[in-house]
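Counting in full-length UniProt numbering, the sequence shown runs from 1 upward without gaps. All C-beta atoms in this analysis are idealised placements derived from N, C-alpha and C, irrespective of residue type, glycine included. Working notes, structure below.
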Amino acid sequence: MDSTTNGARKLAGKSYSTATWATNVGNEHGQVIMSVLTASDRSGLGPMVEGLINRYRMAGVAPPEVLYVDRDCCGNTPLWRMFEEWNLMTIRLDIWHFMRRFAAGCSTHSHQLFATFMTRLRGCINVPPDDLKALCDAKRAELEVEGEIHPR
């Protein structure tokens, strides 16, 4: 689950400036399975979460074991309370947002060693080998589509 202002900024016509936040929920394949546009950050997520829980219930599918989020992963947050029906699910900060928070105290994007630092930081984080391989395969496929001849 990730919230951003980027998607909402792309609205045009009568919808322009009616929403400022886009929140997307994706699955393990990187596909967006539900999305909502809201006027402010984290408002209006209750109906989206209810709809998500109902979709899983109606499909007869077990709820996810882990929900990776961009924030609100710790403590008794409103997000935790929205998902209380899925009491066995763990909510965790996704690795990208963890790395960004860690790096914020160490360097800036413009620093010449920022990319090296982030690469080495990623190497320090214990990512299950299957997950890392899937991520690398997905990125390699994305680069090949973009015309990269032999991406590493």
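Spatial neighbours of residue i in its chain, beta-carbon cut-off 6 Å, leaving aside the 5 residues before and after
i     : result
HIS97 : ASP70
TRP86 : PRO63
Contact under 8 Å by Cβ, residue i with residue j
i           : j     : result
ASP2        : ASN24 : yes
TYR56       : PRO63 : yes
LEU88       : CYS73 : no
residue 192 : ILE95 : A question about residue 192 goes unanswered here, because the residues of the chain that appear run from 1 up to 152.
ALA59       : LEU37 : no
Residue i, DSSP secondary structure in three states
i     : result
LEU37 : strand
THR90 : strand
ALA22 : strand
LEU67 : strand
ASP2  : strand
VAL61 : coil
Cutoff 8 Å; reference residue i; Cβ partners in own chain excluding five residues on either side
i      : result
LEU52  : VAL25, ILE33 and MET34
THR116 : none
Proximal residues to residue i (C-beta, below 7 Å), its chain only, five neighbours per side dropped
i     : result
MET82 : LEU45, GLY46 and VAL49
Cβ separation of residue i and residue j, assumed to be a contact under 8 Å, to the nearest whole Å
i      : j      : result
ALA103 : LEU121 : 7 Å
May I ask you to verify whether the stretch 31 to 39 touches the stretch 56 to 71, counting CB pairs closer than 8 Å and requiring at least 3? no
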